[in-house]
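Student: Going line by line, the protein sequences match chains A and B. Here our numbering is used: the first residue of the first sequence is 1, the next is one more, and so on. Here our numbering is used: the first residue of the second sequence is 232, the next is one more, and so on.
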Amino acid sequence: MADSANAPKPSSSVKLVLLGEAAVGKSSLVLRFVNNDFQENKEPTIGAAFLTQKCNLPTRTIKFEIWDTAGQERFASLAPMYYRNAQAALVVYDLTKPTSLVKAKHWVAELQRQASPGIVIALVGNKLDLTNDGAGSGAAESGDDSGDARKITTEEAKTYAEEEGLLFFETSAKTGYNVTEVFTAIANAIPETSLKSARGPGASHAAGRTEEQRVNLNGPRDPNAKEGCAC
Amino acid sequence: MTRITKMTSSPQPSSSSTSSPPAATATASTSVAAAVSAARPPSPTGSLYAMSDDEEGDYDTITHTETGRGVKLLFSKSKVYIHPTPSAKDNIPGYIALLQQKHPRTATDIAERRPTSSSSGASAGGASPASSDLLLAWVPESQLGDAAGIYIKVDLCDGDSPPKQSYLVPPPPTVTTHRGSLGHYAFAIPVSAIYSLLVRPPSLGWWFGSVIINSRAGDSFPALFFHDSECQSTILQKKKRTRDSFDPFGEAGEMFWGGDEVLRWLKRYVTIERSLAEPNIYLVEPSTEDSAAFGGKLTASSPSSIGRRDSNLGTRGNAGPSSPSATGGRGGNDAGMDPFMKLIKETGWNIMEKFSKVTTFTRQAANDVLDNPRMPPQMRRLLRNPEVQTLQEEFDSARIYLARWAMGIAEQSERDRNQRIWTARDVMELEDTDVGEFELLDSASALSLEQARRTVTMKEWKSFFDPRTGRLSVTVDEVKERIFHGGLDAEDGVRKEAWLFLLGVYEWYSTADERKAQSASLRDEYIKLKGTWWERQIDHGGEGEQGEWWREQRARIEKDVHRTDRNVPIFAGEDTPHPDPESPFASVGTNVHMEQLKDMLLTYNEHNKTLGYVQGMSDLLAPIYAVLQDDAMAFWGFKHFMDRMERNFLRDQSGMRMQLLTLDHLLQFMDPKLYAHLQSADSTNFFFFFRMLLVWYKREFKWMDVLHLWEVLWTDYLSSSFHLFVALAILEKHRDVIMTHLKHFDEVLKYVNELSCTMDLESTLIRAEVLFKRFRRLVDAIDKKENFPAPRTLTLGDGAHQREGSSASGGSSSTTDHLTGVTPSSVGSAANGSPARVASPGRGRGKAPVTGTAAPAVQEEKEKVITPELRKLLSRTVEVISRK
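Structure follows, in structure tokens:
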């Protein structure tokens, strides 16, 4: 992303976490958003990855600090340390795999229960390229003649998203379809009030981070979770 | 006039051929002979030679005529050292020089030589001399004799061209190949006999710049180290540069050093090409084949386009591969898009200006960066930009990028060094520069270390076994020690056998027959186990929750197999039709090895139902299968590996938590300062090591390195938790960057994640071993001091186990130390518990975590508690979760 050289806009950091079942394409979405790249057979994430990317809005710049997590249920116990303090979450499912939406709903519920109250959640159905309406990708991947591997209708997921007050998108990390849109929508949805200016001149709250950012494998979750801003 | 003694049609007396070393001669001089003899008339008579062939006694020597008359000294530079031993007191100062001998082109020339030789300098003024007439020489100061004044004079001649006046000096003995015995004496090699120069500018971790001459005969001369700070001419040239341009660096941002001068001399006369494949290699008059062999476009500079500028263009183009961000090869070959340019493009120019804030670096980091000769010129300009910009958030990532980039350079220089044999000096410098607080190994032990790091070949492996029974005829510890230090040969198939022992599939003391039987029964058992889920396939795993779980697991396994190590050739193909048309991979295709991986993981999923398949396991299995290429044996190898790894995969994460906690204790114990920093960065959960510990650095090192690392770890030679010392070694290596630049957990995690595939394994292992030994000494010393039996801090239950563990390591320690190079005396003194030793064990150089006067230091040590977790690190017994 180009950094606009003129007219510095206010800049804020937003902590975002990706959740969702294994192999739905979380890392691929991030890779597309951050590097505009796609890797076939991207290896499973182990532990977590941390990436950053900026998103330019007309009036401000949002710097996403993205926590990309391992998807398998087995590692679910680690998730709280990632979504704590998160201002945004991307809950991803694979729209060719019904159980992945079930899992996504679990994550949404957990976030609503345990994450920061104002967290912006986006529900994202990935792998749109495997469907007929594959958004210009050519839906050749699913193999059979129908060419449509979709198992979850847009309506079904959308209805659910509306009920829960989530942003909703169908994307393809492979083709890049709708990926930037997800992040832009999240950036727009973050309430101005919850934004703090990024660390920089005069950013004096950094010292207070020690408590805010406390991430602890063992300990109980910090109930006073506030957003941090990091780079 | 040059002549190859042996290769020409032997005008020598026959006695000389008897004294010639047999094979070496031919190989050594073949290429030179081929190059030279074609253009030359038959050898002149012996009378033209200053020395007879008998006197030389060395058939690789090319003799030079007119020795008494001297050769013309074109350029020279002082304070160029040979370091024959690791000890600085043995360094031999000398001069590197470019000499010109008279060029006898034709028989007439030869005939005329005698009368004109006294004015040999005259011919040099006009046409450039041929490379065979140029000699690159090194002469020790002590051997200069009367010529010393001339060498000094020419050295201090400031100018790009050789002095107008001819300075004649006695020619050093001319050779085309280096034999160890010649190393300490003057030598001169015809430039035409030089194949390449290995040039290492002074840099991080390699204080003196050096040049190594590789001859066409295929060997290397001793490294010539440029002690620039002592060399008057280099100092003057540097000053002049600063005066002329306010720029202490070269035109393209290089720091000026003595080695540049040598390249500049040579470029005046011959073509020098910098290899793209090996950026430190400069080819001298390369053939087309050579250019091709070194790959990529070469930065050539013809004799006409002389100058530093050329060499630096080459440098810039090659900055890419050394940067960590260039991993994966993207853009690595694109000279225009080195990572730095990429960074500029990605982040915008204004951010770069913020680099001027580099003054906030610690002294160390700033110096490292500024002194780094590979510093991109753009960066240099920025760093000199007087305008101080305000800090903004981008600064942080750029700052970290820069710091890591500097680390990458250090890694690169280590890798360069690894291409040579490890020498005592390497080890010393490694210790010296990286952590700065390791005890130095003395030269004797370091040499044995070099010895110990020989790879174990199939031949050596076989020699461990009784040929008749096939039973091990040495101790397991001996075998393990060799593998721990040397690793197994990657090419000759020894891994295929040895891994089965290391993994515990075979008993170490079994006979060949027993192993045959064992293997047969394991094969049967694998097939049986496989059958249990094979049947389930018919009804897709069956009804109910169990069936659901099974189908879920199968899908997960298949997905992960298809994204595990697909860049490794055997797993790459997708040419086989998928056996199951309903599989999501039916349309993609598969290959037999992926199918085997899938079967093995499904079998393990069945074999260990309580654990089941967990992500990460495919990473653990793939190397084992790829090496063994036998599904049944690979399955059992994997099963044994999983026995020790299982705890990491538990749902409650208790195993990982325990390991991270141990790492916590270990760092706290070994490096309280770094620990305190991580504490301030909320990083003492050590979660950034999660991936490394879960899959044993599988994602952090390149494939071949992973194979090596795992076999080292499987030996449990020093500790069954040696992988935690590897973690500690990585932390220590990056200590400065972490402490200076990483203030928050996410920064630390991002930084550590991105170390992937940028780390050098060999030096990491050496560091880990040194750290382990220091740890063991510390524990010993504390135990002695407290005068308590070792297991004092243990609970009753653990006591027995621990006693066993520490006695195991204790029992082996004397052999260990003898074999691996820590001097027994140092261990001894630690064991004697001298208080000074306890106070600052080998941390003499300022960066010590324990600071202050001796008394508080002792106090601090005393407070050090050896937790049960720490004590377990001394155990060589693998902890396995007990079943039922």
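All C-beta atoms in this analysis are idealised placements derived from N, C-alpha and C, irrespective of residue type, glycine included.
Could you tell me which residues DSSP pairs with K54 of chain A in its beta bridges?
Tutor: Start at 1 with the first residue of the first sequence, and residue 54 of chain A comes out as number 54. Per DSSP, A:K63.
Student: Since T686 of chain B contacts L719 of chain B with CB under 8 Å, what's their CB separation in whole angstroms?
Tutor: The sequence position of residue 686 of chain B within the second sequence is 455, counting from 1. The sequence position of residue 719 of chain B within the second sequence is 488, counting from 1. The Cβ separation is near 7 Å, so the contact holds.
Student: For F50 of chain A, would you say it is in contact with chain B, using Cβ-to-Cβ distances shorter than 8 Å as the test?
Tutor: Mapped onto the first sequence, residue 50 of chain A falls at position 50. Interface residue, yes.
Student: What residues of chain A sit near G886 of chain B, judged by a beta carbon separation below 8 Å?
Tutor: Within the second sequence, residue 886 of chain B is the residue found at index 655, counting from 1. Neighbours of G886 of chain B on chain A: none; closest Cβ ~12 Å, over 8 Å.
Student: Checking 8 Å against the spacing of the C-beta atoms, do N41 of chain A and R794 of chain B come in under that value?
Tutor: In the first sequence, counting from the first residue as 1, residue 41 of chain A sits at position 41. In the second sequence, counting from the first residue as 1, residue 794 of chain B sits at position 563. Their beta carbons are under 8 Å apart, which means N41 of chain A touches R794 of chain B by this criterion.
Student: Give the single residue among B:D791, B:K761, B:W867, B:A368 whose Cα lies nearest to the Cα of S750 of chain B.
Tutor: Within the second sequence, numbered from 1, the residue matching residue 750 of chain B stands at position 519. The option with the nearest alpha carbon to S750 of chain B is B:W867.
Student: Using DSSP with H/G/I as helix, E/B as strand and the rest coil, what is G125 of chain A?
Tutor: Taking the first sequence and counting its residues from 1, the one referred to as residue 125 of chain A is at position 125. G125 of chain A falls in the strand class under three-state DSSP.
Student: Kindly list the residues whose CB is nearer than 6 Å to the CB of G125 of chain A, restricted to its own chain and excluding five residues on each side of it in sequence; keep chain order.
Tutor: In the first sequence, counting from the first residue as 1, residue 125 of chain A sits at position 125. In its chain, beyond the 5 residues on either side, Y93, L95, A157, E170 have a beta carbon closer than 6 Å to the beta carbon of G125 of chain A.
Student: Taking only beta carbons into account, state which residues of the segment 970-992 of chain B come closer than 7 Å to chain A, listed in chain order.
Tutor: H975, F976, D977, E978, L980, K981, N984
Student: Going along chain A, which residues have a C-beta under 8 Å from R882 of chain B?
Tutor: In the second sequence, the residue the question calls residue 882 of chain B occupies position 651. Near R882 of chain B (Cβ distances below 8 Å), the residues of chain A are R74, S77.
Student: Straight-line CA distance for I194 of chain B to Q784 of chain B?
Tutor: The requested residue 194 of chain B is not part of the displayed model; chain B covers only 232 to 1115.
Student: Do T763 of chain B and D723 of chain B have their C-beta atoms closer together than 8 Å?
Tutor: Numbered from 1 along the second sequence, position 532 holds the residue referred to as residue 763 of chain B. Numbered from 1 along the second sequence, position 492 holds the residue referred to as residue 723 of chain B. Result no, Cβ atoms of T763 of chain B and D723 of chain B do not sit closer than 8 Å.
Student: Helix, strand or coil: which one does DSSP assign to K384 of chain B?
Tutor: Within the second sequence, numbered from 1, the residue matching residue 384 of chain B stands at position 153. Reduced to three states, the DSSP call for K384 of chain B is helix.
Student: Identify whether I503 of chain B lies in helix, strand or coil by the three-state DSSP scheme.
Tutor: By one-based count along the second sequence, residue 503 of chain B stands at place 272. Strand, per DSSP.
Student: Would you call T256 of chain B buried or exposed, if buried means 16 or more other Cβ atoms sit within 10 Å of its Cβ?
Tutor: The count along the second sequence starts at 1 and reaches residue 256 of chain B at position 25. Residue confidence is low: T256 of chain B scores 40 on pLDDT, short of 50, so the model does not pin down where it sits. No coordinate-derived value is stated.
Student: With distances taken between CB atoms, is the gap from V501 of chain B to V422 of chain B smaller than 8 Å?
Tutor: To locate residue 501 of chain B, count along the second sequence from 1; it is residue 270. To locate residue 422 of chain B, count along the second sequence from 1; it is residue 191. Yes, the Cβ-Cβ distance between V501 of chain B and V422 of chain B is below 8 Å.
Student: Within the same chain, show all residues whose beta-carbon is closer than 6 Å to that of K711 of chain B, passing over the 5 residues directly before and after it, in chain order.
Tutor: For the purposes of this step, residue 711 of chain B is identified with residue 480 of the second sequence, where counting begins at 1. Correct list, in chain order: T946, Y948.
Student: Closer than 8 Å, Cβ to Cβ, to anything on chain B: give me those residues from the segment 103-137 of chain A, in chain order.
Tutor: none
Student: Do L167 of chain A and A89 of chain A have their C-beta atoms within less than 8 Å of each other?
Tutor: Mapped onto the first sequence, residue 167 of chain A falls at position 167. Mapped onto the first sequence, residue 89 of chain A falls at position 89. It is not a contact, given that the beta carbons lie outside the stated cut-off.
Student: Mind reading off the beta-carbon distance from S427 of chain B to I512 of chain B? Whole number of angstroms is fine, and I expect it under 8 Å.
Tutor: The residue given as residue 427 of chain B occupies position 196 in the second sequence. The residue given as residue 512 of chain B occupies position 281 in the second sequence. Going by Cβ atoms, the distance from S427 of chain B to I512 of chain B rounds to 5 Å, so yes, they are a contact pair.
Student: Determine the closest residue to K105 of chain A out of A:K54, A:L123, A:Y177, with distance taken between C-alpha atoms.
Tutor: Locating residue 105 of chain A in the first sequence gives position 105, counting from the first residue. Comparing Cα-Cα distances from K105 of chain A to each of A:K54, A:L123, A:Y177, the minimum goes to A:L123.
Student: I want to see whether chain A comes within less than 8 Å of D459 of chain B, judged by CB atoms only; does it?
Tutor: Position 228 of the second sequence, counted from the first residue, corresponds to residue 459 of chain B. Chain A contact via Cβ: absent.
Student: Just curious, the beta strand (DSSP E) that W369 of chain B is in, first and last residue?
Tutor: By one-based count along the second sequence, residue 369 of chain B stands at place 138. Taken as a continuous stretch (DSSP letters only), the beta strand (DSSP E) holding W369 of chain B covers 365-371.
Student: Can you name the residues that DSSP bridges to I313 of chain B?
Tutor: Here residue 313 of chain B is taken as the residue at index 82 of the second sequence, counted from 1. Paired residue(s): B:I323, B:L455.
Student: Closest Cβ-Cβ distance between V926 of chain B and chain C: below 8 Å?
Tutor: Judged by its chain identifiers, the structure shown contains no chain C, and its protein chains are A and B.
Student: If you reduce the DSSP assignment to three classes, tell me which class D1014 of chain B lands in.
Tutor: Start at 1 with the first residue of the second sequence, and residue 1014 of chain B comes out as number 783. D1014 of chain B falls in the helix class under three-state DSSP.
Student: Taking 8 Å as the CB-CB limit, is D222 of chain A close to chain B?
Tutor: By one-based count along the first sequence, residue 222 of chain A stands at place 222. Note on D222 of chain A: pLDDT 41, under 50, position unreliable in the model; the coordinate value appears next. False, the Cβ-Cβ gap to chain B never drops below 8 Å.
Student: Can you check DSSP and say which residues form a bridge with G440 of chain B?
Tutor: Numbered from 1 along the second sequence, position 209 holds the residue referred to as residue 440 of chain B. DSSP lists B:F457 as partners of G440 of chain B.
Student: Using a C-beta to C-beta distance shorter than 8 Å, which residues of chain B count as neighbours of I46 of chain A?
Tutor: Here residue 46 of chain A refers to the residue found at position 46 of the first sequence. Within chain B, the residues near I46 of chain A are Q846, G847, D850, F921, R922, L925, V926, R930.
Student: Should H896 of chain B and E1100 of chain B be called a contact, given that it needs their Cβ atoms to be closer than 8 Å?
Tutor: As a working note, residue 896 of chain B is residue 665 in the second sequence. As a working note, residue 1100 of chain B is residue 869 in the second sequence. A contact, by the Cβ cut-off of 8 Å.
Student: Once DSSP output is grouped into helix, strand and coil, what is the label at A49 of chain A?
Tutor: Here residue 49 of chain A refers to the residue found at position 49 when the first sequence is read from its first residue. Reduced to three states, the DSSP call for A49 of chain A is strand.
Student: I need the DSSP call for T742 of chain B, collapsed to helix, strand or coil.
Tutor: Numbered from its first residue, the second sequence carries residue 742 of chain B at position 511. Three-state DSSP puts T742 of chain B in coil, outside helix and strand.
Student: For a cutoff of 8 Å on Cβ pairs, would you count E43 of chain A as touching chain B?
Tutor: Numbered from its first residue, the first sequence carries residue 43 of chain A at position 43. Yes - at least one Cβ of chain B is within 8 Å of the one on E43 of chain A.
Student: By Cβ distance below 6 Å, which residues in the same chain neighbour S1113 of chain B in space, the five residues on each side in sequence not counted?
Tutor: Here residue 1113 of chain B refers to the residue found at position 882 of the second sequence. Answer for S1113 of chain B: no residue qualifies.
Student: Report yes or no: is there a C-beta of chain B within less than 8 Å of the C-beta of A23 of chain A?
Tutor: As a working mapping, residue 23 of chain A is identified with position 23 in the first sequence. Yes, because at least one Cβ of chain B sits closer than 8 Å to the Cβ of A23 of chain A.
Student: Give a yes or no on whether the C-beta atoms belonging to D991 of chain B and K929 of chain B are separated by under 8 Å.
Tutor: Within the second sequence, numbered from 1, the residue matching residue 991 of chain B stands at position 760. Within the second sequence, numbered from 1, the residue matching residue 929 of chain B stands at position 698. Not in contact: D991 of chain B and K929 of chain B (Cβ atoms no closer than 8 Å).
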